[in-house]
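Read the structure below first, then the notes.
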Amino acid sequence: MTILSRTRGGWLWMALLAAASAFAGRDADSPRIGQLPLDGQWVPADLRIAIVGPDWQDVVYLDTAALLQHEAQPGGSLWRAELPAGTLGGGARLEQRVRRVGDDVTVEIGISNLGTQTLAGVFLMLNVPAPAFAGGSFRIDEIRGDLPLVPGEPHLRIREGTQCTLWNADGTRGISLGSDTLLRLLVQDGRRWGPEFSILATLHAGTPPPNHVLRHSLVLSALGTPQPPAPPGALALDPSRRLGAFDGFGGNFCFGLDEPVTEQVRQRLRPRVARLRMHLDDLGPPLAGSGDSHSAWMRMLAAADRPWSELWQNLGLAETLHRDGTRLQISTWRVPAWILDHPPTHDQNRIAPGRYDDLAGMVAAYLDYLRRSRGVVPETFSFNEPDWGANVIFTPDGYRDALLAVNQALRRHGLETRLMIGDLSTAGDGNAYLAPVLTNSTLMARAAGISFHAWNKAAEADYAAWRALADQTGLPLIVGEIGVDHNWRDVQLHGYDYALREMAHYLDVLRQARPQQVLYWEYGASYALLPPETRRDRQPESERLALQQHLVSFTPPGAEAITCHSPLKTVSAAAFAVPRGKHEGYTLHVANFGAETSLDIAGLPYRIRRLDVVETSQGVCFRTRRAVPCKAGIARVTLPALSLTTFTTR
C-alpha cells in the first residue's frame, strides 16, 4: 500500500493504494487481520499501522517491518517490530496486540522512541472492498453519509470522533472501528487508487515528543446479521419498444493531435463519428481593396499547410478519418485576434461588431480548402460552446446572426456542409439561448442536428428537455462532448474510478436523453485514453480505452435503442437492436457497480441460442469470455464486480 499526497481546499489529500488481492487469502493470524468474525462467517477488513514521513513521501508499515516477531497469546497474538537505524522511524519499537472477544477484535497499539525524526504522523488504516460496500453508508459518531455507488471526490467526511462504521447497500453487513479516545477520522472513497473504501484514523499528528509512548486501544467489529442472497430478478429487454435511431459512438479529435496516443486511439477504435477543430489561426485580414477575400484566405491556408504544422496535422487527420468512413463534424474554437473587439483571452472572446461576415468567410474558406486539398466535406459546422465562450461567446441574437452569415457564405461557395445547432456547454436548459435560431426558418432549413455537451451530471428534466426539443424540431439529438470532469488543467484521468464514472455517465445520458450520436471528449491527447506509462507498449491498454472499444465496436450505425430494465440499483444497462443480415441482432452493455452478481437476461427472441461476451473490469481490458447459452429467450449471466460487460448476438 502506498500513500500519496497533495493539498486541496485546506485538507491533506491522502490516497490509499491497495493491491486487488488485499482481501484475498489473508492469514487471519496477521497484524493486518484481514477479516472480522460475524456469526460464524467473515467480513473482509484490512488493518494497517503506518508511520509516515514528511510530505507523505515515505511510509513504513508494521506488517512489512524488518525483524517482525510474532508471539501467540491466550485468545490472540502479539506482534513486535523494531525499525532499523537509518530508515524512517529508525529505532522505534512497535507493538500490536490482537485479542478476540466474542465477535469483537480488540487491537492495542504501542509505539515508542519515535521522537528522533520529523514525521507527518502515525496512522491506522482500515480498508473494506468497494464492490461489497458501494451504495451503502457510513457514520462517524452521529454524523451520517453515503458510500457512493459511482466514484467521485475521494474524501467523504473528515471529523473527530470515537466510532466510525461502514455499511453495505442493503444494511446487512458492516464494520465498526471504535476508540477509547477521540481520534481524527477520515472516510475515503479510495477507488481512484484501488477497489476499496477506507477509514483513516490519526493516532498522532506530527512527531511525538522524545521518550513519549503512543498507546491506543481500538475495537473492530463486524455488524449486522448476514442474510442469504435474494434470488436475482431479470434484466428485461423489450425489442418491440423502440426508443429511437442510433448512429454510433465516437469522439472529438481536437487537441494534442501530434502526440502518438491520438493515432493509437484512432487505429484501435476506428470511430463511426468524430468531431474536429477548425484551425483558423493562420488567417489574417484580407488586403484592403483586394475584392476577393476568399481567394486570399485560400492562399494563406495553402502557405500554412506545411508538413508537421498544426494545420497540416488537422487536415491530414480529417482525410484519414474520411478514408476510414467516419462521419465528420467540425467546430471553431480559437479565432484570429484581428476580428475580436479586445485583446484575446483564453475564453469568452467577443467578435467585433461588423466582423461576422469576415468570420463566416474564413469558415467557408477553410471548408473549401479542406474539400479541394483533402477531398473532405464535413457533414456539419458549429461554433463550440457559444453560450459559454470556449473560445468565443455570443449573445443569443449574436449567435443567430453569426450562423446566418456562415450559412450565406457556405451557399455562396457551393459548400454542402450543414449547420449543427447548439453545441452548448451544458445540458442545462438551452431553449432560451437557442430561441432566436429555432424561430429562424432559414437556419432551421439548413440545420442537420441539435447538440449539447454532457459534462458532469445533469437533472433528468434537463435531458428530457433536450429530447423534447429534438422531437419538436425533427432534428437528430447529438451529444457533441461527453465527460465527467471538465477541469482539464488538473483532471485525474488514469485511475479506475474515472473509468467507472464515465461508464455510469454514459448510461445515464443514453437512458435519459436518448441521443442519436455520442462523442467522447476526447480522443486527442488532452484527455488521453492511455496513461503515459503504457504508450510505448506494442499493444497499449487501459480500462478507459476498453470502455470506448465496447461502445464503438458493438453499436454500429443503423442501430436502434430498445427498452431494458435492471432489477438492481447496482446494475445499469443500455440495449440496442443492430442490423445483422436477415435477422436483427442485439447488443446489451451492462455495467455492474457492485459486487459480483448473477442474474437472468430475459426478453430475447427465442431464436437467439447464445450471447457472446466481452468484459472490462479493473486490470481486464476488452477480454472475450465464454459465450452464454440462451433458452426460451433467457440467459443466466454472471457480472464481475465493478465491470462493463457487453453481450451480443450473432
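For the sequence shown, the working numbering gives the first residue as 1, with consecutive numbering after it.
For each residue, glycine too, the CB sits at the ideal point set by N, CA and C.
Buried or exposed (CB count within 10 angstroms, at least 16 for buried), residue i
| i | result |
| --- | --- |
| T587 | buried |
| T165 | buried |
| I143 | exposed |
| N456 | exposed |
| D55 | exposed |
| N384 | buried |
| E522 | buried |
| G474 | exposed |
| Q548 | buried |
| H70 | exposed |
| N127 | buried |
| Q472 | exposed |
Cα-Cα separation, residue i to residue j
| i | j | result |
| --- | --- | --- |
| H550 | L38 | 40 Å |
| P285 | A528 | 35 Å |
| R418 | F554 | 28 Å |
| L183 | F123 | 10 Å |
| A635 | P579 | 21 Å |
| D58 | L269 | 40 Å |
| V52 | G194 | 20 Å |
| A459 | G480 | 18 Å |
| T645 | G136 | 23 Å |
| H204 | N592 | 39 Å |
| A447 | V406 | 12 Å |
| T442 | F381 | 16 Å |
| H565 | S598 | 15 Å |
| L404 | I351 | 15 Å |
| T326 | V43 | 50 Å |
| I421 | G581 | 35 Å |
| L642 | R32 | 25 Å |
| A631 | G40 | Going by the sequence as given, residue 631 is Lys instead of Ala. Cα to Cα, the separation comes out at about 39 Å. |
| A575 | R623 | 20 Å |
| A513 | K569 | 19 Å |
| P307 | L283 | 18 Å |
| R650 | D170 | 37 Å |
Helix, strand or coil at residue i according to DSSP, with G and I counted as helix
| i | result |
| --- | --- |
| A641 | coil |
| H70 | strand |
| E153 | coil |
| N349 | strand |
| A28 | Here the model assigns A28 a pLDDT of 43, short of 50, so the residue's position is not dependable and the matter cannot be decided. |
| S526 | helix |
| T172 | coil |
| F197 | strand |
| W79 | strand |
| N113 | coil |
| N252 | strand |
| L732 | Here the chain covers residues 1 to 650 and nothing more, so residue 732 does not appear. |
| G585 | strand |
| V363 | helix |
| Q539 | coil |
Contact set for residue i: own chain, Cβ-Cβ below 6 Å, skip 5 residues either direction
| i | result |
| --- | --- |
| S217 | E108 and D180 |
| G389 | D347 and Q348 |
| D397 | P436 |
| Y366 | M278 |
| P595 | Rather than Pro, the amino acid found at residue 595 in this sequence is Ala. Hits under 6 Å: P131, A132 and A641. |
Cutoff 7 Å; reference residue i; Cβ partners in own chain excluding five residues on either side
| i | result |
| --- | --- |
| D368 | M298, H413 and L415 |
| A318 | L276, L328, L370, R374 and V376 |
| P540 | Q264, L530 and T534 |
| A85 | G91 |
| E543 | Y496, A499, T616, Q618 and C621 |
Proximity of residue i and residue j at Cβ, strictly below 7 Å
| i | j | result |
| --- | --- | --- |
| E196 | A130 | yes |
| G110 | E95 | yes |
| T225 | G121 | no |
| V187 | D104 | no |
| V637 | R625 | no |
| V265 | G250 | no |
| A573 | L235 | yes |
| P271 | D497 | no |
| A409 | G361 | yes |
| L604 | V628 | no |
| E560 | A302 | no |
| L311 | A304 | yes |
| Y61 | R80 | no |
| R192 | P239 | no |
| P557 | D247 | yes |
| A427 | Y463 | yes |
Same chain, Cβ closer than 8 Å to residue i, neighbours up to 5 away in sequence not counted
| i | result |
| --- | --- |
| D423 | S331, S382, F383, N384, E385, P386, S451, F452, H453 and G480 |
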